[in-house]
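S.K.: Residue numbers (the numbering used here): 42 to 271. Ideal placement from N, C-alpha and C gives every residue a C-beta, glycine not left out.
1. Bridge partners of residue 173, per DSSP?
2. Please report how far the alpha carbon of residue 83 lies from the alpha carbon of residue 114, in whole angstroms.
3. When we look at the beta-carbon of residue 43 and count the other beta-carbons within 10 Å, is it buried (16 or more) or exposed?
4. Going by C-alpha to C-alpha distance, which of 266, 249 and 240 sits closest to residue 259?
5. Does the distance from the CB of residue 103 to the CB of residue 168 come in under 8 Å?
6. Please determine if the region 88-100 and the region 213-221 are in contact, where contact requires at least 3 C-beta pairs separated by less than 8 Å.
7. State the DSSP-derived secondary structure class of residue 153, mapped to helix, strand or coil.
8. Buried or exposed for residue 49, going by 16 or more other Cβ atoms inside 10 Å?
9. Hey, residue 256 and residue 181: beta-carbon distance below 8 Å or not?
10. For residue 80, does the three-state DSSP call read helix, strand or coil?
11. Measure from the alpha carbon of residue 97 to the alpha carbon of each residue in 264, 242, 267 and 250, then state which is nearest.
12. Between 179, 195 and 268, which has its C-alpha nearest residue 232's C-alpha?
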């Protein structure tokens with residue numbers, strides 16, 4: 042199935058149904074692979090620390106966790122770096138469960154219940170928008186448009202980070218179980234470029250099983266600098 046179908050409503054609906062049936066714990070959020078949690082967070086922290094050292098990520102006041110689920114990434118990755126973290130997920134039950142999983146409201150900001158295909162980040166609010174293991178649920182066009190809304194959602198020195206699986210094939214692969222696409226890296230970068238983003242850093246996730254698709258981390262900045270008036 043092409044990752045730019047003209048009417049994705051059924052795919053989005055099926056994906057929502059899939060995630061609503063998953064267990065509301067780390068194992069459920071990782072598709073039954075809870076063992077990925079530790080190496081995932083470790084390498085993501087290394088990636089953020091490198092962005093900080095290189096001056097790519099300068100401020101750490103507000104972050105947005107996209108596809109946040111119960112708050113696994115919010116709690117273990119973003120909260121140690123940022124003063125306040127907002128969360129967005131399409132499944133209300135997971136967002137509700139996040140209060141119990143995270144265990145504190147100190148450092149948690151707004152919680153949005155909406156699919157990324159329509160979600161509009163608050164204008165000019167975030168130092169970083171983190172998008173992990175959720176971009177494959179969007180068509181190419183919807184991902185491009187979401188990137189464009191993210192550009193409007195970051196501060197002038199803000200950064201947009203994407204972490205997801207990639208494939209070494211010419212075309213995206215569709216998973217009929219969770220209703221998502223896994224894209225070639227070239228296509229991910231092509232969509233980001235079309236949205237008005239430039240790549241400023243990337244890294245390969247290590248410590249995952251060899252039979253998994255590779256997982257890459259990308260950091261983007263707008264090609265045209267965001268201003269306070271945008």
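M.R.: From the atom records:
1. By 1-based counting over the chain shown, the position of residue 173 is 132. Note: residue 173 sits in a beta bridge opposite 204.
2. As a working note, residue 83 is residue 42 in the chain shown. As a working note, residue 114 is residue 73 in the chain shown. Looking at the two C-alpha atoms, the distance is approximately 11 Å.
3. As a working mapping, residue 43 is identified with position 2 in the chain shown. It counts as exposed.
4. Here residue 259 corresponds to residue number 218 of the chain shown, with the count starting at 1. Nearest option by C-alpha distance: 240.
5. Numbered from 1 along the chain shown, position 62 holds the residue referred to as residue 103. Numbered from 1 along the chain shown, position 127 holds the residue referred to as residue 168. Yes, Cβ-Cβ distance for residue 103 and residue 168 is below 8 Å.
6. no
7. In the chain shown, counting from the first residue as 1, residue 153 sits at position 112. Reduced to three states, the DSSP call for residue 153 is strand.
8. Sequence index remark: in the chain shown, residue 49 carries index 8 (1-based). The residue in question, residue 49, is buried, as its Cβ has 16 or more Cβ neighbours within 10 Å.
9. Stepping through the chain shown from its first residue, residue 256 is reached at position 215. Stepping through the chain shown from its first residue, residue 181 is reached at position 140. Not in contact: residue 256 and residue 181 (Cβ atoms no closer than 8 Å).
10. Residue 80 sits at position 39 when you count from the first residue of the chain shown. DSSP places residue 80 in helix when its eight states are reduced to three.
11. Your numbering for residue 97 matches position 56 in the chain shown. Ranking 264, 242, 267 and 250 by Cα distance to residue 97 puts 242 first.
12. Taking the chain shown and counting its residues from 1, the one referred to as residue 232 is at position 191. Nearest C-alpha to residue 232: 179.
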